[in-house]
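Be aware that the sequence shown starts at 96, since it is given in my numbering, and climbs by one per residue. The beta carbon of each residue, even a glycine, is placed where N, CA and C say it ideally should be.
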Amino acid sequence: MTYKSMPKVELHTHLEGCAPPAFIRGLAQEKSIDISGIFNADGTYAYRDFNHFLEVYEAACTTLQGPEDFYRLTKAVLEESASHGIVYQETFVSPDFCGGGDVTAWREYLAAMQTAADEADRDLGITLKGVVTVIRHFGPEASKPTATCAVETFGDFITGFGMAGGEMVGRPGDYAYAFDMAREAGMPLTCHAGEWGGPSMVAETLRDLKVDLIGHGIGAIEDSNLVRQIVESGVTLEVCPGSNVFLKANVFGKGLERWGDHPIQKLRDAGVKVTVSTDDPPFFGTTMTDEFNMLAQTFDWTEDDFRTLNQTALDAAFCDADTRATVAKRLETE
Ligand code: HPA
Ligand code: ZN
């Protein structure tokens, strides 16, 4: 069976990272930007490893130059997501790529994204919410205007705050100022950790940034006390198995090579609340349908398991109660 039509909740995507390569090539052509070096001969994104992926990602972002481009991007992304049954999606959005941290510009970009999201909600039955995201390798100073943008626009569309980017740059505590600002404004928090940095990065992220969710978090499997702490605190992991296998994320000091070696099953068996997402689907050659199919194939997950997965994701989602109720109804219509 294929899980393409089953309704799905997806919490961990990066908006620009969902851009199909053909979409980025189209923008590049319109603006006469030469980014031919970031594509393989077959048209897919080309990069060697995670750090090079971040460079290619940023090169692709140079084609996104104004609110109208983000309107078109959001529309294209939601059409693709809806075709895989996604009824609720959260996506990381960054003021660094949308006006460079200026609040007035940021509001204009957000309005464009929100217009596209409203149209997709009406026409396709998919709801999108944005999580304002610090780019870690831009450094702690840059995280402060990002937090200001987040706090100033927290509301209907912007529902949370987080951090992505190069996980091995600095320590979580270096970004505590920005996370404190967001927490004091009442924003729920997430942070990428344990994709590369092992259990110590997850533990420091929980201790110093006091997040509600962890992006990836799979390195926690190396430390049973940490796994217990995660279970007891109720922190949910945004696990992205296809991304981890494609990028060879770090588990037990080795690059993850095979789906069968992915720790999601062990984390789940230990009682950790796990969710499943695609991260940057065209970059990693995956879709939510592929993720569901691979979990069914690798770990014998069934429809019941996927229903539980959806519910765990919906419970952890950063949205308001009305949206949660609307999405719960969409999940029932199976
Ligand atoms: N991981 C970390 N940072 C990112 C990613 C990712 O997959 N995509 C865009 N920024
Ligand atoms: Zn991510």
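Self-check item: Sufficient close CB pairs (3 or more, under 8 Å) joining the region 114-134 to the region 221-240
Solution: As far as the Cβ criterion goes, the region 114-134 does not touch the region 221-240, which means the pair count is below three.
Quiz item: Going by Cα to Cα distance, which pick from 163, 144, 404 is closest to residue 210?
Solution: Your numbering for residue 210 matches position 115 in the sequence shown. Selected option, being the one with the closest Cα: 163.
Practice problem: Could you please give me the residues that DSSP links to residue 98 through a beta bridge? | Solution: Locating residue 98 in the sequence shown gives position 3, counting from the first residue. Under the DSSP definition of a beta bridge, residue 98 lacks any partner.
Quiz item: Comparing alpha-carbon positions, which option in 337, 125, 312 lies nearest residue 294?
Solution: Locating residue 294 in the sequence shown gives position 199, where the first residue counts as 1. Measuring C-alpha to C-alpha distances from residue 294 to each of 337, 125, 312 identifies 312 as the nearest.
Quiz item: Which two residues bound the contiguous alpha helix (DSSP H) that contains residue 243?
Solution: Numbered from 1 along the sequence shown, position 148 holds the residue referred to as residue 243. In the DSSP assignment, residue 243 falls within the unbroken alpha helix (DSSP H) covering 235-248.
Quiz item: Residues near the ligand ZN, CB to any non-hydrogen atom under 6 Å, in chain order?
Solution: For the ligand ZN, the selected residues are 107, 109, 259, 287, 310, 374.
Quiz item: Does the Cβ of residue 149 lie closer than 8 Å to at least one heavy atom of the ligand HPA?
Solution: As a working mapping, residue 149 is identified with position 54 in the sequence shown. Yes; taking the cut-off as 8 Å, the Cβ of residue 149 has a heavy atom of the ligand HPA nearer than that.
Exercise. Report yes if the CB atom of residue 132 is closer than 9 Å to the CB atom of residue 378, and no otherwise.
Key: In the sequence shown, the residue the question calls residue 132 occupies position 37. In the sequence shown, the residue the question calls residue 378 occupies position 283. The answer is no: Cβ separation not under 9 Å.
Quiz item: Straight-line CA distance for residue 334 to residue 408?
Solution: The residue labelled residue 334 in the question sits at position 239 within the sequence shown. The residue labelled residue 408 in the question sits at position 313 within the sequence shown. Here the alpha carbons of residue 408 and residue 334 stand approximately 11 Å from one another.
Quiz item: In chain order, what residues of the same chain have a beta carbon less than 6 Å from the beta carbon of residue 110, not counting five sequence neighbours either side?
Solution: In the sequence shown, counting from the first residue as 1, residue 110 sits at position 15. Taken in chain order, the residues that qualify are 186, 188.
Exercise. Please specify which runs of the alpha helix (DSSP H), each continuous and at least 4 residues long, are wholly inside the region 329-407, giving them in chain order.
Key: For the region 329-407, the full-length alpha helix (DSSP H) segments reaching 4 residues or more read 336-342, 359-364, 383-394 along the chain.
Quiz item: Is the region 304-319 touching the region 338-354, taking contact as three or more C-beta pairs under 8 Å?
Solution: Contact check between the region 304-319 and the region 338-354: three or more CB pairs, one atom from each, fall below 8 Å, which counts as touching.
Self-check item: Own chain partners of residue 148 with C-beta closer than 6 Å, once the 5 adjacent residues on each side are dropped
Solution: If you number the sequence shown from 1, residue 148 lands on position 53. Result list for residue 148: 142, in chain order.
Exercise. Leaving aside the five residues before and after residue 355 along the sequence, list all residues of the same chain whose C-beta is less than 6 Å from its C-beta, in chain order.
Key: One-based indexing of the sequence shown puts residue 355 at position 260. Excluding positions up to five away in sequence, the list reads 393.
Self-check item: Buried or exposed by the 16-neighbour rule on C-beta atoms within 10 Å, applied to residue 327
Solution: For the purposes of this step, residue 327 is identified with residue 232 of the sequence shown, where counting begins at 1. Exposed is the call here.
Quiz item: Do the region 389-404 and the region 361-373 make contact, defined as three or more Cβ pairs closer than 8 Å?
Solution: Contact holds between the region 389-404 and the region 361-373, because three or more Cβ pairs, one in each stretch, are under 8 Å apart.
Self-check item: Nonlocal neighbours in the same chain, by C-beta distance under 6 Å from residue 267, ignoring five residues either side
Solution: What you label residue 267 is simply residue 172 of the sequence shown in a count that begins at 1. If we look at residue 267 and ignore the five residues flanking it on each side, its Cβ neighbours are 299, 300, 303, 304.
Quiz item: Is residue 221 helix, strand or coil when you go by DSSP?
Solution: Here residue 221 is taken as the residue at index 126 of the sequence shown, counted from 1. It is coil, neither helix nor strand.
Quiz item: Just to check, is the beta-carbon of residue 230 closer than 8 Å to a non-hydrogen atom of the ligand HPA?
Solution: Looking up residue 230 in the sequence shown gives position 135. Taken from the Cβ of residue 230, at least one heavy atom of the ligand HPA lies inside 8 Å.
Quiz item: If you count every other CB in all the chains shown that lies within 10 Å of the CB of residue 270, and 16 or more means buried, which is it?
Solution: Taking the first residue of the sequence shown as 1, we reach residue 270 at position 175. Counting Cβ neighbours within 10 Å, residue 270 comes out buried, since at least 16 surround it.
Practice problem: Report, in whole angstroms, the separation of the C-beta atoms of residue 177 and residue 215, which I expect to be a contact under 8 Å. | Solution: Reading the sequence shown from its first residue, position 82 is the one you call residue 177. Reading the sequence shown from its first residue, position 120 is the one you call residue 215. Yes, residue 177 and residue 215 are in contact; Cβ-Cβ is about 7 Å, under 8 Å.
Quiz item: By Cβ distance, which residues of its chain are closer than 6 Å to residue 375, with the 5 residues on each side in sequence left out?
Solution: Indexing the sequence shown from 1 puts residue 375 at position 280. Close CB contacts of residue 375 within its chain, under the 6 Å cut and outside five residues either way in sequence, are with 109, 112 (chain order).
Exercise. May I ask you to check if the CB of residue 121 is nearer than 8 Å to at least one heavy atom of the ligand HPA?
Key: Taking the sequence shown and counting its residues from 1, the one referred to as residue 121 is at position 26. Because no heavy atom of the ligand HPA lies under 8 Å away, the Cβ of residue 121 does not count as near it: no.
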